[in-house]
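Asks: I'd like to ask you about the structure that follows.
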Amino acid sequence: MDLVSILATVILVTTIGTMIIGVGAYMAFKLRDKRKPNKKRSDDTLDAAGLRDAIFLTPYVHEGSVRSEAESIAPTAG
Amino acid sequence: MALKTFSRYFWAAAALVAVVTILGFSYSAVRKTQGSFSVLLENFVLSAVSFYLLAFLVILILRYAILVMYSFMDHMETLMKKRSAPPPKYREETTLPMVSLVVPAYNEGVVIQAAIRSLLQLDYPNFEIIVIDDGSTDDTYEKALEVAREPHDIPIRIVTKRNAGKAEALNTGMALALGEFILNMDGDTKLSGNTLRVCIRHFEDPRVGAVAGNVKVINRENIWSRIQALEYVEGLAMARKAQSFMRSVNIIPGPLGMFRKSVLQQVGGYDHDTFAEDCDLTLKLLMRGWHIAYEPNAIAWVETPSRLLDLLKQRYRWTRGILQATSKHSHALWQPRKAGINCYILWYMLFEGIMWPFSTLIGNIFFVYVGITYGLVTLLFFWWMQLTILDVIAAAYCVVIEEEDPSLILYAVAFRLFYINIIDISKVFATIEEWRGHTMTWGKLEREGKL
Numbered sequence: 023m024d025l026v027s028i029l030a031t032v033i034l035v036t037t038i039g040t041m042i043i044g045v046g047a048y049m050a051f052k053l054r055d056k057r058k059p060n061k062k063r064s065d066d067t068l069d070a071a072g073l074r075d076a077i078f079l080t081p082y083v084h085e086g087s088v089r090s091e092a093e094s095i096a097p098t099a100g
Numbered sequence: 423m424a425l426k427t428f429s430r431y432f433w434a435a436a437a438l439v440a441v442v443t444i445l446g447f448s449y450s451a452v453r454k455t456q457g458s459f460s461v462l463l464e465n466f467v468l469s470a471v472s473f474y475l476l477a478f479l480v481i482l483i484l485r486y487a488i489l490v491m492y493s494f495m496d497h498m499e500t501l502m503k504k505r506s507a508p509p510p511k512y513r514e515e516t517t518l519p520m521v522s523l524v525v526p527a528y529n530e531g532v533v534i535q536a537a538i539r540s541l542l543q544l545d546y547p548n549f550e551i552i553v554i555d556d557g558s559t560d561d562t563y564e565k566a567l568e569v570a571r572e573p574h575d576i577p578i579r580i581v582t583k584r585n586a587g588k589a590e591a592l593n594t595g596m597a598l599a600l601g602e603f604i605l606n607m608d609g610d611t612k613l614s615g616n617t618l619r620v621c622i623r624h625f626e627d628p629r630v631g632a633v634a635g636n637v638k639v640i641n642r643e644n645i646w647s648r649i650q651a652l653e654y655v656e657g658l659a660m661a662r663k664a665q666s667f668m669r670s671v672n673i674i675p676g677p678l679g680m681f682r683k684s685v686l687q688q689v690g691g692y693d694h695d696t697f698a699e700d701c702d703l704t705l706k707l708l709m710r711g712w713h714i715a716y717e718p719n720a721i722a723w724v725e726t727p728s729r730l731l732d733l734l735k736q737r738y739r740w741t742r743g744i745l746q747a748t749s750k751h752s753h754a755l756w757q758p759r760k761a762g763i764n765c766y767i768l769w770y771m772l773f774e775g776i777m778w779p780f781s782t783l784i785g786n787i788f789f790v791y792v793g794i795t796y797g798l799v800t801l802l803f804f805w806w807m808q809l810t811i812l813d814v815i816a817a818a819y820c821v822v823i824e825e826e827d828p829s830l831i832l833y834a835v836a837f838r839l840f841y842i843n844i845i846d847i848s849k850v851f852a853t854i855e856e857w858r859g860h861t862m863t864w865g866k867l868e869r870e871g872k873l
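Next comes the structure, spelled out in structure tokens:
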């Protein structure tokens, strides 16, 4: 067997191998994309639909004022 | 939409009818001859494929020859300009116009700080940085803010918005930019220090609407990324330099492109309807008659996928994106007089995007079949050899022109031996899926933070 024949056989095997790997890798990439959607970070500012509410649109209520309001209501209720 | 689908299937059916007609004509000829029909039909098909591959090879050799010649002429032109250049307008410190650097970032938490810090080191007196956090789900925004809060002289603005894609982020950056010129880049890119100075000189020519930069691979850590490094060097040193000679660069790369703000506004910024918004924008500029220059000394170092599946994901998106962009401007394909050089650019893109991968795949299947069936394996060897010789010559030329690492030339053999076979199969599937109108997602690559 001369050198060209040996090299030709190597190229033949490599070409068939890479074509099989190419198809397999493509299918693997498609499968991976279907199975593993992008992980979402658990974010308190996201609503149920996964959309972020702009913080400055939410009225700010100070914790202390809520507590004092509750305290002022409590004796009346009791 | 229905009309588009109908038109697509109509052309496919027309092509099928054409093939069947040719085979039908051959059938009557075959019937008159001696021997088995199947053998003669096989010979007929093999002869047709042989002629097709021969024609493809001629086009390929012409393509390499023309690109090398034009890129060499561009190289010589640059050297001549350096020697006999008139005093430039944009070289004095006081006359340098303001440039806005727009950095869109989606989940670039690993690399965003290094990217912004590298921008602060740029050698230019008058620029601002605008980082657009495109609704990242990681800590990109917080990390960008940390760098912005550090003491420095360069104005940095960090803007966060709902995720709406890179095109929308770049348009937001365009709207916020204060500079007369805008440099768009990726969040994972590191620029060479002289980028702004060397790019801005091209705008002395009022016909130049944009400048494309030189993209190089930073993470040359395994065979995949090293072959990609060679691919980038070849693509830029040969193809883009040749296109630059004709002032018609067909893709301003996402990692580094500088624009006149007025031109970006004139064409309406980036569109959302393709997955290769940089290619689409470039075609829009070309169709409006703007010249696009290439600056080899403005270097953007990027991190490329170092794993096979990530690489396929990237190439899949590129292929479909380029096909989408080409399809959007397909009217120029059939108007050579009106569209001028843009017509040839679109045909060139179709050759690279569709004909080349399909032809190499058909060639491989054909020669493997002939090799196994008729024992003519040497034909496959010579087919591979001639393609490899073309690749090695092109690689050697580009490595010399770009003053790159000479060891990259050796990867031209690996490129032809296995790399391009795998990539071409992915491109062929991407083309078929694009033709069939499959839905696709952006396909964000996972960054490893090699900057």
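Protein chains in written order, with our numbering: chain U, 23 to 100; chain X, 423 to 873.
Ideal placement from N, C-alpha and C gives every residue a C-beta, glycine not left out.
#1: Using the C-alpha atoms, what's the distance from residue 821 of chain X back to residue 731 of chain X?
#2: Taking beta-carbon pairs under 8 angstroms, can you tell me which members of the region 805-835 of chain X lie near chain U?
#3: Which residues in the same chain have their Cβ closer than 7 angstroms to the Cβ of residue 813 of chain X, if we skip the five residues on either side of it in sequence?
#4: Just reading off the alpha helix (DSSP H) that residue 717 of chain X is part of, what are its end residues?
#5: Which value, in whole angstroms, describes the spacing of the CA atoms of residue 815 of chain X and residue 769 of chain X?
#6: Beta carbon of residue 556 of chain X, beta carbon of residue 587 of chain X: below 9 angstroms?
#7: Whose C-alpha, out of X:786, X:712, X:611 and X:613, is nearest the C-alpha of residue 628 of chain X?
#8: Using a Cβ cut-off of 9 angstroms (strictly closer), state whether residue 62 of chain U contacts chain X.
#9: Run through chain U and tell me which residues come within less than 9 angstroms of residue 719 of chain X, C-beta to C-beta.
#10: Output yes if chain X places a C-beta closer than 9 angstroms to the C-beta of residue 54 of chain U; else output no.
#11: My guess is that residue 554 of chain X and residue 594 of chain X are in contact by the Cβ rule of under 8 angstroms, so how many angstroms apart are they, rounded?
#12: Within a Cβ cutoff of 7 angstroms, which residues of the same chain sit near residue 771 of chain X, ignoring the five residues on either side of it in sequence?
#13: Indicate whether residue 614 of chain X and residue 440 of chain X have their beta-carbon atoms separated by less than 9 angstroms.
#14: Do residue 540 of chain X and residue 641 of chain X have their C-beta atoms closer together than 9 angstroms?
#15: Under 9 angstroms Cβ-Cβ, which residues of chain X neighbour residue 25 of chain U?
#16: Can you tell me the Cα-Cα spacing of residue 612 of chain X and residue 681 of chain X, whole angstroms?
#17: Might you give, ordered along the chain, the residues of its own chain that have their beta carbon closer than 7 angstroms to the beta carbon of residue 699 of chain X, omitting 5 neighbours on each side?
#18: Using a Cβ-Cβ distance cut-off of 9 angstroms, determine whether residue 848 of chain X contacts chain U.
#19: In terms of alpha-carbon separation, which member of X:444, X:746 and X:479 lies closest to residue 463 of chain X?
#20: In angstroms, rounded to a whole number, what distance separates the CA positions of residue 50 of chain U and residue 516 of chain X?
#21: Counting only beta-carbon separations shorter than 9 angstroms, does residue 845 of chain X have a partner in chain U?
#22: Quick check on DSSP: helix, strand or coil for residue 558 of chain X?
#23: In the DSSP assignment, find the unbroken alpha helix (DSSP H) run with residue 51 of chain U in it and report its ends.
#24: Can you pull the DSSP bridge partners for residue 579 of chain X?
#25: What would DSSP say about residue 61 of chain U, mapped onto helix, strand or coil?
#26: Since residue 800 of chain X meets chain U, which of its residues come closer than 8 angstroms, beta carbon to beta carbon?
#27: What residues from the region 727-760 of chain X come within 8 angstroms of chain U, judged by C-beta to C-beta, listed N to C?
#28: Beta strand (DSSP E) containing residue 681 of chain X: first to last residue?
#29: Buried or exposed: which applies to residue 574 of chain X, given that a residue is buried once 16 or more other Cβ atoms fall within 10 Å of its Cβ?
#30: Can you confirm whether residue 840 of chain X, when its beta carbon is compared against all beta carbons of chain U, has any partner nearer than 9 angstroms?
#31: Pick helix, strand or coil for residue 600 of chain X, following the three-state DSSP scheme.
Replies: By the coordinates alone:
#1: Going from the Cα of residue 731 of chain X to the Cα of residue 821 of chain X covers about 27 angstroms.
#2: Flagged, chain order: 806.
#3: So the list reads 834, 837 and 838, once near-sequence residues are dropped.
#4: No alpha helix (DSSP H) holds residue 717 of chain X; the beta strand (DSSP E) holding it covers 713-724.
#5: Cα to Cα, residue 815 of chain X sits roughly 24 angstroms from residue 769 of chain X.
#6: A distance below 9 angstroms separates the beta carbons of residue 556 of chain X and residue 587 of chain X.
#7: The shortest Cα separation from residue 628 of chain X among X:786, X:712, X:611 and X:613 belongs to X:712.
#8: Confidence at residue 62 of chain U is low in this model, with a pLDDT of 47, below 50, so its placement is unreliable and no value can be given for it.
#9: By Cβ distance, chain U contributes nothing, its closest Cβ being about 36 angstroms from residue 719 of chain X, past 9 angstroms.
#10: Yes, because at least one Cβ of chain X sits closer than 9 angstroms to the Cβ of residue 54 of chain U.
#11: Here residue 554 of chain X really is in contact with residue 594 of chain X; their C-beta atoms are around 5 angstroms apart, less than 8 angstroms.
#12: Contacts found: 672, 744 and 748.
#13: Contact flag unset, no.
#14: Not in contact: residue 540 of chain X and residue 641 of chain X (Cβ atoms no closer than 9 angstroms).
#15: Going along chain X, no residue has its Cβ under 9 angstroms from residue 25 of chain U, so there is no contact; the nearest lies around 10 angstroms.
#16: Going from the Cα of residue 612 of chain X to the Cα of residue 681 of chain X covers about 18 angstroms.
#17: Same-chain partners within the cutoff: 588, 589, 692 and 693.
#18: The beta-carbon of residue 848 of chain X is placed less than 9 angstroms from the nearest beta-carbon of chain U.
#19: Among X:444, X:746 and X:479, the Cα nearest to that of residue 463 of chain X is on X:444.
#20: Residue 50 of chain U and residue 516 of chain X: Cα-Cα distance of roughly 56 angstroms.
#21: By this cut-off, residue 845 of chain X is an interface position.
#22: Reduced to three states, the DSSP call for residue 558 of chain X is coil.
#23: First-last of the alpha helix (DSSP H) with residue 51 of chain U: 25-57.
#24: Among the bridge pairs identified by DSSP, residue 579 of chain X is matched with X:552.
#25: In this prediction, residue 61 of chain U has a pLDDT of 49, which is less than 50 and means its spatial position is unreliable; what the coordinates show is noted afterwards. Residue state, collapsed to three classes: coil.
#26: Under the 8 angstroms cutoff, chain U gives 26, 27 and 30.
#27: From the region 727-760 of chain X, only 730, 731, 734, 735 and 738 have a Cβ closer than 8 angstroms to chain U.
#28: Residues 679-682.
#29: Classification for residue 574 of chain X: exposed.
#30: Closer than 9 angstroms: yes.
#31: Three-state result, residue 600 of chain X: coil.
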